[in-house]
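Accompanying notes for the structure given below.
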Amino acid sequence: MKNLVKWIYRRGIPVSLLLAGLVGMCAAQKLAITMDDLPLNGMLPPGVTRADTAKNVLAILKKRHAPPVYGFINAKKLEGNADGAEALKSWAAQEPVGNHSYAHMDLELNPAEAFEREIEENEPTLEVLAAKDDWRWFRYPFLHEGDTVEKRRVVRAYLKARGYRVAQVTLDWEDYLWNTAYARCVAKNDAKAIEWLRSSYLNTASEFLDLGREQAKLIYGHDINHVLLMHLGAYSSAILPEVLDLLKKKGFNLVTLEEAESDVAFEGDPDVGLHDAGTFLDQWMQVKGIKYPEHAEKPYKEVEGVCQ
Ligand SMILES: [Zn+2]
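Every letter in the sequence shown is one number past the one before it in my numbering, and letter 303, counting from 1, is 318.
This is how it looks when you write it as structure tokens:
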């Protein structure tokens with residue numbers, strides 16, 4: 016430290032510049048990681064269990080000292096599935112759990128009353144699993160918050176009355192696309208395809224992290240705290256260390272969901288009926304009629320076609 020001070024002094028670097036640098040370092044953007052579709056999203060390669068998948072991801076989160084990561088569960092996936100139940104038990108022993116509806120119901124295809132029943136049906140499992148009384152966070156399946164404004168308002172009011180907060184999403188590169196593709200490529204032992212999955216995944220992640228931050232600036236005039244959506248599946252443990260490296264490289268500082276959503280940006284509600292509108296930021300872009308900055312699209316066709 017002393018040497019550093021001497022070095023700075025000798026070079027005559029202005030104090031204001033140093034302070035600006037320090038502020039920049041401290042102002043790393045806050046981001047909460049969340050995982051959906053527990054105990055499992057997509058397919059698994061032969062011989063791999065849900066329990067192993069969860070345990071491998073948990074070990075990485077622990078090793079990297081990640082703050083608590085909410086896992087959003089669909090309890091229906093546990094019925095008659097001992098492997099799924101074990102996966103979920105391991106998750107809840109280390110990380111918090113939240114409500115993702117009992118059977119991943121699509122609010123656009125169902126009335127609000129049926130959707131509310133789905134939320135309640137998921138609660139007994141959450142009550143048993145959660146170590147603390149901290150499971151009243153709701154993540155909308157497919158991020159569908161209602162195709163009519165009436166439906167949207169009814170469900171939002173219901174969630175609020177029941178003590179829930181909405182677990183919003185601001186960053187999403189549809190990582191689930193790679194889960195089943197990876198399971199297929201591992202089953203085929205196709206090393207070249209697996210390497211392509213890795214590069215396409217990381218390129219897409221990088222592109223959409225940048226896009227999300229651009230969107231925030233267009234909507235709010237500045238960047239905000241972020242909530243990242245991921246899905247627990249076959250590819251999660253293989254790619255997670257590199258995702259964590261990427262987030263660090265991009266200047267994100269991992270925080271809890273609660274801390275991320277303490278940003279006033281999350282107090283807003285687009286309050287309109289929307290069809291398949293995407294993230295919280297995508298919804299605002301639509302409502303405010305903001306044009307998207309240029310960006311590469313996700314390689315849907317290629318990922319769906321690989322190792323078929
Ligand atoms: Zn989901």
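For each residue, glycine too, the CB sits at the ideal point set by N, CA and C.
Predicted model only: the values in this text are computed from it and were never measured.
Self-check item: H119 beta carbon near ligand 1 (any heavy atom closer than 7 Å)
Solution: yes
Self-check item: Best match in A102, G266, E133 and D51 for proximity to S116 [C-alpha to C-alpha]
Solution: E133
Quiz prompt | Close-in-space but distant-in-sequence residues of the same chain around F87 (CB under 6 Å, 5 per side omitted) | solution = D51, G113, H115 and R154
Practice problem: Kindly list the residues whose CB is nearer than 8 Å to the CB of L212, restricted to its own chain and excluding five residues on each side of it in sequence; keep chain order. | Solution: Closer than 8 Å at Cβ, skipping near neighbours: W193, A196, Y197, C200, Y250, V318 and V321.
Quiz item: If we ignore side chains and look at the alpha-carbon of each, how far apart do F130 and V170 end up?
Solution: 8 Å
Quiz item: For the beta strand (DSSP E) that A97 lies in, which residues bound it at each end?
Solution: Unbroken run through A97 is the alpha helix (DSSP H), A97 to Q109; no beta strand (DSSP E).
Quiz item: Who are the near neighbours of P82 in its chain, counting only those whose CB is closer than 7 Å to its CB and skipping five residues on each side?
Solution: L269, V270 and T271
Exercise. Would you mind sorting Q323 into buried or exposed? The rule is 16 or more other CB atoms within 10 Å of its CB.
Key: exposed
Quiz prompt | Status (buried if at least 16 other CB within 10 Å, exposed otherwise) for P308 | solution = Residue burial is scored here from C-beta neighbours: P308 has fewer than 16 other C-beta atoms within 10 angstroms and is therefore classed as exposed.
Practice problem: Can you tell me the Cβ-Cβ gap for H290 and D162, rounded? I've got them flagged as a contact below 8 Å. | Solution: 5 Å
Exercise. Out of A90, E128, H246 and F267, point me to the one whose CA is closest to A118's CA.
Key: A90
Quiz item: Is it the case that the CB of H159 approaches a heavy atom of ligand 1 more closely than 7 Å?
Solution: no
Quiz prompt | 8 Å Cβ cutoff, D284 in contact with chain B | solution = Reference to chain B is not applicable here, since this structure consists of a single protein chain.
Exercise. Report yes or no: do three or more beta-carbon pairs, one from the segment 90 to 99 and one from the segment 273 to 289, lie closer than 8 Å?
Key: no
Quiz item: From this set, E128, N125, Y235 and L53, which residue's C-alpha is nearest K341's C-alpha?
Solution: Given that the chain is displayed from residue 16 to residue 323, the structure contains no residue 341 and the question cannot be resolved.
Quiz item: Can T274 and K45 be called in contact, C-beta distance under 8 Å?
Solution: Thr is not the amino acid found at residue 274; the sequence shown has Glu there. Closer than 8 Å, so yes.
Quiz item: Straight-line CA distance for N240 to E276?
Solution: 7 Å
Quiz prompt | Burial state of N330 (16 or more Cβ within 10 Å) | solution = With the chain represented from 16 up to 323, any question about residue 330 goes unanswered, as that position is not in the structure.
Exercise. In angstroms with no decimal places, state the Cα-to-Cα distance between I305 and Y235.
Key: 11 Å
Quiz item: When every heavy atom of ligand 1 is checked, does at least one fall within less than 7 Å of the C-beta of P156?
Solution: yes
Self-check item: C-alpha gap between C41 and K232, whole angstroms
Solution: For C41, the predicted structure reports a pLDDT of 47, less than 50, and the residue's modelled location is therefore unreliable. A value from the coordinates is still provided. Near 19 Å, if we compare the C-alpha coordinates of K232 and C41.
Quiz item: Is the beta carbon of D52 within less than 7 Å of some heavy atom of ligand 1?
Solution: yes
Quiz item: Over what stretch of residues does the beta strand (DSSP E) that includes D52 continue unbroken?
Solution: Q44 to N56
Practice problem: Please check the pair A102 and L55, which I expect to be a contact at CB under 8 Å, by giving their CB distance rounded to whole angstroms. | Solution: 7 Å
Self-check item: Among E160, E135, E142 and V143, the one whose alpha carbon lies nearest that of R177
Solution: E135
Quiz prompt | heavy atom of ligand 1 below 7 Å from H115 C-beta | solution = yes
Quiz item: What number of angstroms, rounded off, separates the C-alpha of A69 from the C-alpha of I254?
Solution: 13 Å
Quiz item: Going by C-alpha distance, which of T185, G99, A220 and G248 is nearest E264?
Solution: For clarity, residue 264 is Lys in the given sequence; the question names Glu instead. Ranked by Cα distance from K264, the options T185, G99, A220 and G248 are led by A220.
Quiz prompt | Closest by C-alpha distance to R180, when choosing among Y85, Q230 and L144 | solution = Measuring from the Cα of R180, the nearest candidate turns out to be Y85.
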